[in-house]
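As given, the protein sequences belong to chains A and B, one line each in that order.
To convert, note that position 18 of the first sequence is 18 in the numbering used here; the numbers rise steadily by one, no gaps.
To convert, note that position 9 of the second sequence is 1009 in the numbering used here; the numbers rise steadily by one, no gaps.
Here the structure is laid out as structure tokens; the discussion comes afterwards.
2 protein chains.
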Amino acid sequence: MRRDVFQAIADPTRRAILLLIALQAMTPNAIAGHFDTSRQAVSKHLRILTECQLVKQKHSGREIFYQLNPGKMKEIDKWLEQFRKIWENRFIELDKVLSTLKNN
Amino acid sequence: MRRDVFQAIADPTRRAILLLIALQAMTPNAIAGHFDTSRQAVSKHLRILTECQLVKQKHSGREIFYQLNPGKMKEIDKWLEQFRKIWENRFIELDKVLSTLKNN
DNA sequence: TATATTTGAAACAGATTGGTTTCATAATAA
DNA sequence: TTATTATGAAACCAATCTGTTTCAAATATA
């Protein structure tokens, strides 16, 4: 069972769930109401999202509200950051080429 | 066959390949040399990465060099951006709370 | 030309995934 | 208390995924 953030966001329904609960915590039933899948299917998605800590639970009576854990989203951002550095380096190199051309 | 960038980066080997060829274009054989999997397995990963346009091919005789397509990486960045906006909004709201406390 | 190298692709096997059905548990309402 | 509601979890199935084996095609070398 792979349960990392990258595997978690690979599924389009899970990405939609993350966006849905980003602004407001919601119960599994409420979330399921926004999709064509069953409550049980949503529940399984929520389990995966919870296990990799992309969402957090907040119990309230018999209801469970799920909300985004923004901190964990930064793990994806961190991974992307490596590539951003590469792009930036290329831009610096491009700048060098351009200034060399300018001086000649 | 789902072939979007999110499904592509779900596999750890594929993420490692992306990092490996980010700085320098490489052939499938050279890439396979860096991992424990076979050349054929790497070839399949490269096919998936190529199909979703995360990498580009550059033919040179019988060799094929694979290189990162940084532009496509931005699709992931774009998706993350939605959440960054949410975080920023929260920070703005937090600022409001703090300044209200200050004035009282 | 004959041989070796580099690669992609198809066929197959085992593991994983996403969804449904069913059941158990806990909290609320009548 | 009894019935209803909200939820998680287990069993199961079809589809998909990753890796291996095998083969074919194209390019380079002896």
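Note that the Cβ used here is the ideal one computed from N, Cα and C, for glycine as well.
Cβ neighbours of A:Gln7 within its own chain (closer than 6 Å, five residues either side excluded): none. Annotated three-state conformation of B:Ile1009 is coil, per DSSP. According to the DSSP assignment, B:Ser1043 belongs to the alpha helix (DSSP H) that extends over 1039 to 1051. When C-alpha distances from B:Glu1075 are compared across B:Leu1054, B:Gln1024, B:Asn1029, B:Glu1088, the shortest belongs to B:Leu1054. Scanning chain B for C-beta atoms nearer than 7 Å to the C-beta of A:Asp77 yields Leu1080, reported in chain order. For a cut-off of 8 Å, the C-beta gap from A:Pro28 to A:Leu46 is around 6 Å, short enough to register as a contact.
Counting only residues of its own chain and dropping the five nearest sequence neighbours on each side, A:Arg15 has a CB closer than 8 Å to the CB of Ile9. For the pair A:Phe83 and B:Pro1070, the CB atoms are nearer than the 8 Å cut-off. Listed along chain B, the residues sitting closer than 9 Å to A:Arg15 by beta-carbon distance are Phe1006, Trp1079. Judged by their CB atoms, B:His1034 and B:Leu1020 are nearer to each other than the 8 Å cut-off.
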